[in-house]
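Encoded as structure tokens, the structure appears first; notes follow it.
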Amino acid sequence: MTVGTMLVGVSVVWQALIVTRGARPNDAFWRREKWPLALVCWFVWTMASAGWSLDPARSWKMVSIEAALGMLVLSWWACPPPNLMGIRRAVGWSAATACLLCVIQGGIQWYNDASELEWTPYTSHIRLSLLAGLGLGWAMVEKRRLLAWTLGIAWAAFAWCTGALTAAVLLPLTFLWGMWSSLPVRPRKWFAGSAVMGLVAAVGSLLIWLQPVPLPNELPERTPWGNLYMHQPELTLSEGGHRVFVLSCPMEWDSAWKQVSDVSLDTPQRRGHALRQCMLRYITSLGLPKDGATIASLSPEDVRAIEEGNTNCHPAQGLTQRMRSVRFGYETWRDFKNPTGSSIWQRWEHWQAAVLTWQSAPWIGHG
């Protein structure tokens, strides 16, 4: 990215100083446009902040990445567009092409057992969704139906296949905003009220969905093999609609597992889970007790699925699997205050730490 930014910067400076020199007064741009000054101030503040960072190498890497903001200002100054319609069309078609290519490439990589996060090797899901949101919103406002339909379908396919939460949230919001902007003045109030009610209902449904899974009706004291069960009803972690930390007897696992598999429970899996953790979650999703009798009676298909690193007896892909991960990450964070493995709750913890840091030193930073 640094080399690309440098090449773009050289071409922009050449265009500004050599090709279009004398086309208009240099200060007219700064009087007419307000946003370039904000970007320049942001970039200068980033450079100044890097001077007292505890990690100078990482800070200056961020400066080099954000140097693209300066290139944007220079390019707009050197070659101002006659109007924004061309830029809006370019953004829309670029986003549509990127989403389609990601889905096609992901379909090819799916056969190579690549994760959905690897479907966009050249950008992040968040950045691509922000680009698509701009393109779809502009296309709907300008009533460019072909572009709007193409981008909308491509973006929806991208969200469904990859499970990108940013796309899943931003797509309906962009659609609602585009519909609202296209309506006459009178129906807008009715449409806005209906949209707000729908969003409230969606948030309420999400909160209900995140409520703890009910406990089993009975929690027996001993396993069929005569050992004591471990019950931790205060922990709400679940898998497949069942609690993980009830009806569990870890002391029976190893001996029972050796009866059905030659793979050790301590074997690490390619998806980052230990085989023991995979077995615990998989049997939980079956709705069965996590004891020796259950493990010894597992079918060959279930044993093979556990050995492959599956954590749920009902395989899922894309957005469905992503929602499972969101719930599991939330329950892990709620039970253990550990956001590891969940990008949403990691960001929440980072934001909280950032607010505390800013409050302690709002002007010069905390180092």
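Note that the working numbering numbers the sequence shown so that position 258 is 245, with each residue one more than the last.
C-beta atoms are modelled at their ideal positions from N, C-alpha and C, and glycine is treated no differently.
Under a 10 Å Cβ-count criterion, ILE52 is classified as exposed, with fewer than 16 other Cβ atoms of the shown protein chains found around its own Cβ.
One Cα belongs to TRP338, the other to ASN70, and the distance between them is close to 38 Å.
Counting along the chain, THR281 sits inside the alpha helix (DSSP H) bounded by residues 279 to 283.
Secondary structure of SER62 (DSSP, three-state): helix. Proximity to SER312 across ILE331, GLY296 and GLU295 peaks at ILE331, based on C-alpha coordinates. In the displayed model, PRO326 falls within coil according to three-state DSSP, outside both helix and strand. No residue range can be given for ALA348, since it is assigned to no alpha helix (DSSP H) and is classified by DSSP as neither H nor E. For the segment 143 to 190, the full-length alpha helix (DSSP H) segments reaching 4 residues or more read 152 to 169 along the chain.
Around the beta carbon of PRO237, fewer than 16 other beta carbons sit within 10 angstroms, so the residue counts as exposed. For the pair of segments examined, the segment 236 to 255 was found not to touch the segment 297 to 314: the number of CB pairs separated by less than 8 Å stays below three. In the displayed model, SER46 falls within a helix according to three-state DSSP. Per DSSP, CYS28 is one residue of the alpha helix (DSSP H) stretching across 22 to 37.
Of the residues assessed, ASN204 falls on the exposed side of the cut-off, its CB having fewer than 16 other CB atoms within 10 angstroms. The continuous alpha helix (DSSP H) containing SER272 extends over residues 262 to 272.
A direct Cα-to-Cα measurement between GLY93 and ALA77 gives close to 24 Å. In the three-state scheme derived from DSSP, where H, G and I count as helix and E and B as strand, SER242 is classed as helix. Residue state for SER235 is assigned as strand, using DSSP reduced to three classes. Ranking MET58, LEU160 and GLY227 by CA distance to the CA of PRO302 puts GLY227 first. For PRO211 and GLN304, the gap between their C-alpha atoms comes out near 36 Å. Out of ARG334, LEU343 and VAL200, the CA that lies nearest to the CA of ARG314 is found in VAL200. Following the DSSP letters along the chain, one finds ALA119 inside the alpha helix (DSSP H) bounded by residues 112 to 128. GLU226 sits in a strand when the DSSP states are folded into three classes. The beta carbon of LEU134 sits closer than 6 Å to those of GLY79 and ALA126, all from its chain and outside the five residues before and after it, given in chain order. Taken through DSSP and simplified to helix, strand or coil, LEU215 comes out as strand. Annotation for ARG291: the continuous alpha helix (DSSP H) segment containing it runs 287 to 294.
Of all alpha-carbon atoms in LEU41, SER235 and ASN297, the one lying nearest the alpha-carbon of TYR269 is that of ASN297. The alpha-carbon of THR33 is positioned some 15 Å away from that of TRP345.
Nearest to TRP29 by alpha-carbon distance, out of LEU41, GLY191 and VAL50, is VAL50. Collapsing the DSSP output to three states places ARG131 in coil.
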